[in-house]
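Residue 130 in UniProt numbering is what sits at position 130 of the sequence shown, and the numbering runs on without skipping anything.
Cβ atoms here follow ideal geometry from the backbone N, Cα and C, with glycine treated the same way.
Because the structure is a prediction, the values reported are computed rather than measured.
Each remark here refers to the structure printed beneath this line.
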Amino acid sequence: MTRFLLDTNIISYLVRGDYPALDLKFNERKNHCVISTICEAETRFGLALLPREAKITAPTERFLRIIAIQPWDSDCAVQYALLAAKQKRLGKPLATMDALIAAHALAHDFVLISNDAAFRQVKGLKLEDWTKGPQRT
1 MTRFLLDTNI ISYLVRGDYP ALDLKFNERK NHCVISTICE AETRFGLALL
51 PREAKITAPT ERFLRIIAIQ PWDSDCAVQY ALLAAKQKRL GKPLATMDAL
101 IAAHALAHDF VLISNDAAFR QVKGLKLEDW TKGPQRT
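Now the structure itself:
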């Protein structure tokens, strides 16, 4: 069974309803979707920067209550060390949070769902972009 790890940008898009194609694919596969504790942390950081009454706060909190959240573990740490070192040696380092998320996907054989081009350089990473299609304006 394929499991999908949603990147932080995908969480934001889902909450805001930015991409109809993403909403459709998520609804078809939501029972197989998870987020990393790393993405939870990034999302909660973003919320902490907003005023409490921001329109996005309540829907984001609801999303975080219903989505399965996978812990970042020692297998992820090993993958992170290998990935970060490899990318640095290649002269193509990833942002730290991106490397942590990619490592989580690699360690647990998740398909990473993101439209962040930085992930395309990670060899062996299963990556899908569910945002393909028109964006809501």
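Same chain, Cβ closer than 8 Å to residue i, five either side skipped, listed in chain order
i, result
"Leu-100", "Ser-36, Ile-38, Trp-72, Cys-76, Tyr-80"
Of the listed residues the options, nearest to residue i (C-alpha basis)
i, options, result
"Leu-5", "Ala-103, Leu-49, Leu-90, Pro-93", "Ala-103"
"Ala-58", "Pro-93, Arg-16, Asp-98", "Arg-16"
"Met-97", "Lys-30, Thr-60, Leu-125, Ala-41", "Ala-41"
"Asp-7", "Glu-128, Asn-27, Arg-62, Ser-114", "Ser-114"
"Asp-109", "His-32, Ile-66, Arg-62, Glu-53", "His-32"
"Ile-66", "Asn-9, Gly-124, Glu-53, Asn-27", "Asn-27"
"Ile-11", "Ala-68, Ser-74, Glu-53", "Ala-68"
Beta-carbon gap between residue i and residue j smaller than 7 Å
i, j, result
"residue 140", "Val-111", "Because the chain here runs from 1 to 137, residue 140 falls outside it and cannot be looked at."
"Leu-22", "Trp-130", "yes"
"Leu-94", "Ala-118", "yes"
"Val-34", "Gln-87", "no"
"Leu-50", "Thr-60", "no"
Cut-off 7 Å between Cβ atoms - residues of its own chain near residue i, not counting five sequence neighbours on either side
i, result
"Tyr-13", "Tyr-19, Leu-22, Thr-131"
"Lys-55", "none"
"Gln-121", "Lys-92"
"Gly-124", "Leu-106"
Simplified DSSP assignment, three categories, for residue i
i, result
"Ser-114", "coil"
"Ile-11", "helix"
"Glu-28", "helix"
"Leu-90", "coil"
"Glu-61", "helix"
"Leu-127", "strand"
"Val-78", "helix"
Residue range of the unbroken beta strand (DSSP E) whose run includes residue i
i, result
"Gln-70", "68-70"
"Leu-6", "4-6"
Residue range of the unbroken alpha helix (DSSP H) whose run includes residue i
i, result
"Ile-38", "37-48"
"Ile-56", "It is not in any alpha helix (DSSP H) - Ile-56 carries neither H nor E in the DSSP assignment."
"Thr-96", "96-107"
Contact set for residue i: own chain, Cβ-Cβ below 6 Å, skip 5 residues either direction
i, result
"Lys-126", "Val-111"
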